[in-house]
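Peer 1: These protein sequence lines are chains R and Y, in that order. For the first sequence, the working numbering gives the first residue as 1, with consecutive numbering after it. For the second sequence, the working numbering gives the first residue as 1, with consecutive numbering after it. Below is the structure I would like to discuss, written out as structure tokens.
2 protein chains.
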Amino acid sequence: MPVAPPPLAAKRVAVLKALAHPTRLLLTEALMQGELCVCDLRALVGDDLSTVSKHLSLLKSAGVLVAEKRGLNVYYRLACDCFSSFLACVDQVCPSPQSAPTQTSACC
Amino acid sequence: MPVAPPPLAAKRVAVLKALAHPTRLLLTEALMQGELCVCDLRALVGDDLSTVSKHLSLLKSAGVLVAEKRGLNVYYRLACDCFSSFLACVDQVCPSPQSAPTQTSACC
DNA sequence: GCATTAATTGGCTAATTGGCCAAATAAGCA
DNA sequence: TGCTTATTTGGCCAATTAGCCAATTAATGC
Chain R
1 MPVAPPPLAA
11 KRVAVLKALA
21 HPTRLLLTEA
31 LMQGELCVCD
41 LRALVGDDLS
51 TVSKHLSLLK
61 SAGVLVAEKR
71 GLNVYYRLAC
81 DCFSSFLACV
91 DQVCPSPQSA
101 PTQTSACC
Chain Y
1 MPVAPPPLAA
11 KRVAVLKALA
21 HPTRLLLTEA
31 LMQGELCVCD
41 LRALVGDDLS
51 TVSKHLSLLK
61 SAGVLVAEKR
71 GLNVYYRLAC
81 DCFSSFLACV
91 DQVCPSPQSA
101 PTQTSACC
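Right, here's the structure in full:
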């Protein structure tokens with residue numbers, strides 16, 4: 001088993017692709033502090049509401065976020081609470097000279 | 001500090017985007033076992049040599065891989081040895097029902 | 001039911017990315 | 001020098017993605 005089997009690999013790619021966009025990464029980072037509704041997130045990133053909605057939908061499809069409708073609002077939150085260590089992982093994958101200088105959270 | 005500062009965020013996006021492609025993820029996973037030359041990697045993925053070269057170049061630009069020329073061959077290897085725990089991280093970001101069933105390597 | 005607010009969906013175009021071919025560069029060897 | 005092999009680069013076209021607008025759906029209150 002030299003590499004991941006196709007279904008796992010496809011899932012990994014979906015997660016990575018979902019997060020590999022500045023706006024979507026920003027949205028996800030914002031949700032580290034807790035759930036927010038779409039209109040809050042829209043105000044945060046400044047894009048058109050439909051654009052934000054599509055980004056969120058993609059993140060939900062990938063399994064990164066979960067959505068819950070309460071009243072008129074839809075609240076999004078992280079599907080798992082390990083996203084901060086995931087980010088630490090990302091920062092560690094390549095030993096860049098300037099990034100993560102005072103980073104203490106470890107992944108690997 | 002609600003979210004990552006622009007330069008760090010851009011770097012994260014670059015790493016994620018580099019890995020968010022089936023072929024590039026496959027190439028990177030293959031290099032977990034050690035360095036390989038471009039022709040070996042080309043045989044592994046089956047794409048045109050120029051396509052593989054461009055994928056590798058992108059991964060190098062993102063800082064995921066490093067290249068070293070020895071003789072006629074260019075050998076690529078992982079820029080950091082923590083890639084396996086990074087993958088474990090990816091698998092953990094969303095609690096999918098079928099993926100990572102017997103996974104013991106932990107990230108978060 | 002009708003009006004209002006929140007969010008999603010469809011449609012369209014612009015921009016980006018992917019992948020092949022051909023040409024160019026680089027290194028070793030006769 | 002010229003030949004051969006390994007890799008990269010440029011160019012081109014197809015496919016995907018991004019983002020805006022308009023229209024639709026959903027929930028609440030009158």
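Even for Gly, the Cβ is constructed at its ideal location relative to N, Cα and C.
1. So the candidates are Ser84/R, Lys54/R, Gly34/R and Leu27/R; which of them puts its Cα closest to the Cα of Leu41/R?
2. Looking only at C-alpha atoms, which of Ala14/R, Lys11/R, Ala20/R and Gly46/R sits nearest to Ala14/Y?
3. Have a look at Ala10/R and Ser84/Y and give me their C-alpha separation to the nearest angstrom.
4. Evaluate Arg115/R with the Cβ neighbour count: other Cβ atoms within 10 Å of its Cβ, from every protein chain shown; 16 or more gives buried, anything less gives exposed.
5. Excluding five sequence neighbours on each side, which residues of the same chain lie with their C-beta closer than 6 Å to the C-beta of Leu78/R?
6. Could you name each continuous alpha helix (DSSP H) segment of 4 residues or more that falls completely within the region 44-90 of chain Y, going from the start of the chain to the end?
7. To the nearest angstrom, how far is it from the Cα of Gly71/R to the Cα of Cys39/R?
8. Please list, in chain order, all residues of the same chain as Gly34/Y whose beta carbon is under 8 Å from its beta carbon, the five residues on each side excluded.
9. To the nearest angstrom, how far is it from the Cα of Gly46/Y to the Cα of Val74/R?
10. Answer with yes or no whether the minimum CB distance from Lys54/R to chain Y is below 8 Å.
11. I need the straight-line Cα distance from Ser50/R to Ala18/R, nearest angstrom please.
12. Given a cut-off of 8 Å on the beta-carbon distance, is the pair Val66/Y and Lys60/Y in contact?
13. Using a beta-carbon distance below 8 Å, is Ala43/Y in contact with chain R?
14. According to the neighbour-count rule (16 or more other Cβ atoms, all chains shown, within 10 Å of its Cβ), is Ala43/Y buried or exposed?
15. To which residues of the same chain is Gly63/Y closer than 6 Å at the C-beta, ignoring the five residues directly before and after it?
16. Roughly how many angstroms separate the alpha carbons of Val90/Y and Leu16/R, rounded to a whole number?
Peer 2: So, from the listed chains and residues:
1. Looking up residue 41/R in the first sequence gives position 41. Residue Leu27/R is the option with its Cα nearest to Leu41/R.
2. Here the question's residue 14/Y lines up with position 14 in the second sequence. It is Ala20/R.
3. Along the first sequence, one-based indexing puts residue 10/R at 10. Along the second sequence, one-based indexing puts residue 84/Y at 84. Here the alpha carbons of Ser84/Y and Ala10/R stand approximately 17 Å from one another.
4. This structure does not reach residue 115/R, given that chain R is present from 1 up to 108, and the question cannot be answered.
5. Taking the first sequence and counting its residues from 1, one reaches residue 78/R at position 78. Excluding residues within five positions, the ones whose Cβ falls inside 6 Å are Leu31.
6. If only uninterrupted alpha helix (DSSP H) runs of at least 4 residues are considered, those enclosed by the region 44-90 of chain Y are 49-61.
7. As a working note, residue 71/R is residue 71 in the first sequence. As a working note, residue 39/R is residue 39 in the first sequence. Whole-angstrom Cα-Cα distance: 13 Å.
8. Residue mapping note: residue 34/Y aligns to position 34 of the second sequence, counting from 1. Answer for Gly34/Y: Arg77, listed in chain order.
9. To locate residue 46/Y, count along the second sequence from 1; it is residue 46. To locate residue 74/R, count along the first sequence from 1; it is residue 74. Using only the alpha carbons, I get a separation of about 44 Å.
10. Indexing the first sequence from 1 puts residue 54/R at position 54. No, its Cβ sits nowhere closer than 8 Å to a Cβ of chain Y.
11. Residue 50/R sits at position 50 when you count from the first residue of the first sequence. Residue 18/R sits at position 18 when you count from the first residue of the first sequence. For Ser50/R and Ala18/R, the distance between alpha carbons rounds to 17 Å.
12. Locating residue 66/Y in the second sequence gives position 66, counting from the first residue. Locating residue 60/Y in the second sequence gives position 60, counting from the first residue. Yes, the Cβ-Cβ distance between Val66/Y and Lys60/Y is below 8 Å.
13. Start at 1 with the first residue of the second sequence, and residue 43/Y comes out as number 43. Ala43/Y does not count as touching chain R.
14. By 1-based counting over the second sequence, the position of residue 43/Y is 43. Per the 10 Å Cβ criterion, exposed.
15. What you label residue 63/Y is simply residue 63 of the second sequence in a count that begins at 1. These residues qualify, in order along the chain: Ala79.
16. Your numbering for residue 90/Y matches position 90 in the second sequence. Your numbering for residue 16/R matches position 16 in the first sequence. Cα to Cα, the separation comes out at about 8 Å.
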